[in-house]
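Trainee: Chains as they are written, first to last, in this note's numbering: chain A, 1 to 318; chain B, 319 to 636. Glycine included, every Cβ here is placed at the ideal spot set by N, Cα and C. From a predicted model like this one, the values you see are computed outputs, not experimental measurements. Take this structure, written in structure tokens, and hold onto it; I'll ask about it next.
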């Protein structure tokens, strides 16, 4: 199979590229390297089954050309920054919604009809039902990020109906593990690196969130693509558990052997549109035989270990 | 109140403009006249409380300027052609999703925070639950039109959370009545005008659909804007009933005193993405004290009467 991976130099993208190459697939990786990092492709670039194309997905003509010969598209390229959506509302529209439209059109131009899409648990907004089910109550969006991903899901499903596509849509919790470069573990680690004696926390620290290790995430994606046969296959992906931000801070500080003082910005939410309780019902993917290997605590600790061994990821961004 | 009406020369838009002027509001009407018709504004244009601006909403700078001094935006401008979405997928993306983003940004630039949005029952796709409730199961999109409107809803809700907007989102069934210029009554009437002896029907004629008269629709919108106080207010709008396409054909032929032969394209659906059963639960709007004055049959017959008295609407389009 010839896989096309959009966002191949990103956190999840580069991990999936390595996995697909390990399984002897052909992989074409697309990335504009705006947030992706070419270093994450170090091993892939040595593999003759991998070809890398530096393309911005907003350039639809280049994209169409790059898709020639593909069998399936794994679309992970996105603006993944849920927190600062209100600083630049056009970013989510362009990089998530319009970009997804471009991907679908480039697929159509090349008669590729299978797409894997990284959506988000944020599409549930502040659900009245927790844990959130894939077919739970019609949600009301609370973030531009969630809205842009929901728009992407809608477009993909409409292409399935209108153009005979088949899709696998995954609503992720926050993903942890090797090559993790944004999110709360990254932020806390960076703060503690510059001042090990104090930590500033958005919200009251009692926000409840769910997480998943990237290896478990990729395992689930490949299992679903091979076994879920509907026209539109939608799966929540997360550990069947959640923790408080304060728990996670304990684990991070424990692993770093630090004992900082804490300062909280206060309030139930860390930022505008923050969802104070994210916990996804994952029965649907578990019925396919998937079970995560890592607990949330293990995921957080492994992420801290990755950051300790790869402090260059902070320099790159500064 | 200074109302801004996007799509003011359209079917619903021009009716709402007339109603707002009757209620002594100031109205700024925006339309690019691509499908809207300036003749529908004949009476409005004579009213000193009305000003018309020929602007394309995709031109965000012109739009921002035109919104100066507005208190609330009624956003009805859209590509309303659900049937031929797959002929030009970019159209729904641009005219419904990106246009709605532009409207929200033009509002933000002018500190306008109230928006009324015409969404559609098509966002429910083929719901497992009928009649469809506003908070029924998380839907899977089946048309590019529905997907683009869902994306618009999501953007609006995210602006409510992120920028303190307040919104009234209406999921319409098909609207009937004065100035109706597209849909099945229009199509059947046009066919019978050119050949009164035969009628070609998409699908098997057994599709079940719900309708609403435009006067009842506008009544509901104004009632909700005045009485629904949530941040995001979502209402289904339709008659609490449905009919088969074949029933509607009987009423149309009866009113025209014609007895044509029927030819069916066949199949459950009239077109790709057609929803063979649309019937919305309208308890939420009814709890505000709204009740439609016209039945579906009355709506269909009134529409035929409008077309009989205004056959110029066919010439305009041919």
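#1: Are residue 557/B and residue 530/B close, meaning C-beta to C-beta below 7 Å?
#2: If we count the other Cβ atoms within 10 Å of its Cβ and call it buried at 16 or more, is residue 636/B buried or exposed?
#3: So residue 323/B and residue 416/B are supposed to be a Cβ contact under 8 Å. How far apart are they, rounded?
#4: Note down, in chain order, all residues in the segment 474-486 of chain B with a beta-carbon under 7 Å from any beta-carbon belonging to chain A.
#5: Three-state secondary structure (DSSP) at residue 255/A?
#6: For residue 332/A versus residue 472/B, is the C-beta distance shorter than 7 Å?
#7: Check whether the Cβ atoms of residue 46/A and residue 72/A sit closer than 7 Å, and answer yes or no.
#8: Could you tell me which uninterrupted beta strand (DSSP E) segments, each at least 3 residues in length, are contained entirely in the segment 338-379 of chain B, listed from first to last along the chain?
#9: By the 10 Å Cβ neighbour count, where 16 or more other Cβ atoms means buried, how is residue 568/B classified, buried or exposed?
#10: What are the start and end residues of the alpha helix (DSSP H) that includes residue 479/B?
#11: With a threshold of 8 Å on Cβ separation, who are the neighbours of residue 266/A within its own chain once the five nearest residues in sequence on each side are excluded?
#12: Which word fits residue 580/B, buried or exposed, when buried means at least 16 other C-beta atoms lie within 10 angstroms of its C-beta?
#13: For residue 66/A, which residues from the same chain have a beta carbon less than 8 Å from its beta carbon, with the 5 sequence-adjacent residues on both sides left out?
#14: Listing by chain order, which chain B residues have their CB less than 8 Å from the CB of residue 147/A?
#15: According to DSSP, simplified to helix, strand and coil, what is residue 636/B?
#16: Give every residue of the same chain whose Cβ lies closer than 7 Å to the Cβ of residue 336/B, excluding the five residues on either side of it in the sequence, and list them in chain order.
#17: Taking residue 550/B as the query, report the chain A residues whose CB atoms sit under 9 Å from its CB, ordered along the chain.
#18: From which residue to which residue does the alpha helix (DSSP H) around residue 184/A run?
#19: Under three-state DSSP, which class holds residue 231/A?
#20: Between residue 274/A and chain B, is there a C-beta pair that is closer than 7 Å?
#21: What are the boundary residues of the alpha helix (DSSP H) that residue 277/A is part of?
#22: Under 7 Å Cβ-Cβ, which residues of chain A neighbour residue 453/B?
#23: Is the CB of residue 411/B under 7 Å away from at least one CB in chain A?
#24: Spatial neighbours of residue 227/A within its chain, please: CB distance less than 7 Å, with the 5 preceding and 5 following residues excluded, ordered by chain position.
#25: Give a yes or no on whether 7 Å exceeds the smallest Cβ distance from residue 67/A to chain B.
#26: Under a Cβ-count criterion, where at least 16 other Cβ atoms within 10 Å of its own Cβ denotes burial, should residue 1/A be classed as buried or exposed?
#27: Given residue 124/A, which residues of its chain have a CB within under 6 Å of its CB, disregarding the five upstream and five downstream residues?
#28: Over the uninterrupted beta strand (DSSP E) stretch that includes residue 320/B, give me the two end residues.
#29: Please list the partners that residue 101/A has in chain B, where partner means a Cβ-to-Cβ separation under 8 Å.
#30: Which one of 230/A, 309/A, 127/A has the shortest CA to CA distance from residue 169/A?
#31: Could you tell me the distance, in whole angstroms, from the CA atom of residue 418/B to the CA atom of residue 152/A?
#32: Give me the chain B residues within the contact set of residue 86/A, using Cβ-Cβ distance strictly less than 7 Å, ordered along the chain.
#33: Under a three-way DSSP split, which group does residue 120/A fall into?
#34: Can you tell me the Cα-Cα spacing of residue 163/A and residue 344/B, whole angstroms?
#35: Kindly give me the distance between the Cβ atoms of residue 144/A and residue 476/B, rounded to whole angstroms, as I take these residues to be in contact under 8 Å.
#36: Less than 7 Å between the beta carbons of residue 21/A and residue 59/A, yes or no?
Mentor: According to the data block:
#1: For the purposes of this step, residue 557/B is identified with residue 239 of the second chain, where counting begins at 1. For the purposes of this step, residue 530/B is identified with residue 212 of the second chain, where counting begins at 1. Yes, Cβ-Cβ distance for residue 557/B and residue 530/B is below 7 Å.
#2: For this step, residue 636/B is matched to residue 318 along the second chain. Residue confidence is low: residue 636/B scores 46 on pLDDT, short of 50, so the model does not pin down where it sits. Its coordinate-derived value is still stated next. Exposed, since its Cβ has fewer than 16 Cβ neighbours within 10 Å.
#3: The count along the second chain starts at 1 and reaches residue 323/B at position 5. The count along the second chain starts at 1 and reaches residue 416/B at position 98. Not really, about 20 Å apart at Cβ, beyond 8 Å.
#4: 475, 476, 479, 480, 481
#5: Taking the first chain and counting its residues from 1, the one referred to as residue 255/A is at position 255. Looking at residue 255/A - three-state DSSP - the assignment turns out to be helix.
#6: In this structure chain A extends from 1 to 318, so residue 332/A is not present and cannot be described.
#7: Translated into the one-based positions of the first chain, residue 46/A becomes position 46. Translated into the one-based positions of the first chain, residue 72/A becomes position 72. No; because the gap between Cβ atoms is not below 7 Å, this pair is not in contact.
#8: 344-349, 368-372
#9: Within the second chain, numbered from 1, the residue matching residue 568/B stands at position 250. Residue 568/B comes out exposed.
#10: As a working note, residue 479/B is residue 161 in the second chain. Per DSSP, residue 479/B belongs to the alpha helix (DSSP H) from 462-481.
#11: If you number the first chain from 1, residue 266/A lands on position 266. Excluding sequence neighbours, residue 266/A sits near 203, 204.
#12: The count along the second chain starts at 1 and reaches residue 580/B at position 262. That one is exposed.
#13: Taking the first chain and counting its residues from 1, one reaches residue 66/A at position 66. If we look at residue 66/A and ignore the five residues flanking it on each side, its Cβ neighbours are 4, 28, 30, 53, 55, 106.
#14: Here the question's residue 147/A lines up with position 147 in the first chain. Within chain B, the residues near residue 147/A are 469, 472, 473, 475, 476.
#15: The count along the second chain starts at 1 and reaches residue 636/B at position 318. Because residue 636/B carries a pLDDT of 46, less than 50, the predicted location of this residue cannot be relied on, and the following value inherits that uncertainty. Three-state result, residue 636/B: coil.
#16: Position 18 of the second chain, counted from the first residue, corresponds to residue 336/B. Counting only Cβ-Cβ distances below 7 Å, and skipping sequence neighbours, we find 361, 362.
#17: The count along the second chain starts at 1 and reaches residue 550/B at position 232. Residues of chain A passing the Cβ test: 140, 141.
#18: Position 184 of the first chain, counting from 1, holds the residue named residue 184/A. First-last of the alpha helix (DSSP H) with residue 184/A: 184-194.
#19: In the first chain, the residue the question calls residue 231/A occupies position 231. Three-state result, residue 231/A: coil.
#20: Sequence index remark: in the first chain, residue 274/A carries index 274 (1-based). No, its Cβ sits nowhere closer than 7 Å to a Cβ of chain B.
#21: If you number the first chain from 1, residue 277/A lands on position 277. Residue 277/A -> no alpha helix (DSSP H), and no H or E assigned at all.
#22: Residue mapping note: residue 453/B aligns to position 135 of the second chain, counting from 1. Those within 7 Å of residue 453/B in chain A are 137, 138.
#23: Position 93 of the second chain, counted from the first residue, corresponds to residue 411/B. Chain A contact via Cβ: present.
#24: Walking along the first chain from the start, residue 227/A turns up at place 227. If we look at residue 227/A and ignore the five residues flanking it on each side, its Cβ neighbours are 288.
#25: Counting from 1 along the first chain, the entry for residue 67/A is found at position 67. Chain B contact via Cβ: absent.
#26: Here the question's residue 1/A lines up with position 1 in the first chain. Result: exposed.
#27: Locating residue 124/A in the first chain gives position 124, where the first residue counts as 1. Correct list, in chain order: 132, 139.
#28: One-based indexing of the second chain puts residue 320/B at position 2. Run containing residue 320/B: 320-324, per the beta strand (DSSP E) assignment.
#29: Stepping through the first chain from its first residue, residue 101/A is reached at position 101. Near residue 101/A (Cβ distances below 8 Å), the residues of chain B are 407, 408, 411.
#30: Working through the first chain from its first residue, we reach residue 169/A at position 169. For the residues 230/A, 309/A, 127/A, the minimum Cα distance to residue 169/A belongs to 230/A.
#31: Within the second chain, numbered from 1, the residue matching residue 418/B stands at position 100. Within the first chain, numbered from 1, the residue matching residue 152/A stands at position 152. C-alpha separation (whole angstroms): 16 Å.
#32: Indexing the first chain from 1 puts residue 86/A at position 86. Correct list: 480, 481.
#33: In the first chain, the residue the question calls residue 120/A occupies position 120. In the structure shown, residue 120/A sits in a strand (DSSP, three-state: E or B).
#34: Along the first chain, read from residue 1 onward, the residue named residue 163/A stands at position 163. Along the second chain, read from residue 1 onward, the residue named residue 344/B stands at position 26. Computed Cα separation, rounded: 45 Å.
#35: By 1-based counting over the first chain, the position of residue 144/A is 144. By 1-based counting over the second chain, the position of residue 476/B is 158. Yes, they are in contact, since the Cβ atoms of residue 144/A and residue 476/B sit about 5 Å apart, within 8 Å.
#36: On the first chain, residue 21/A is found 21 positions in, with the first residue counted as 1. On the first chain, residue 59/A is found 59 positions in, with the first residue counted as 1. For residue 21/A and residue 59/A, no; Cβs fall outside 7 Å.
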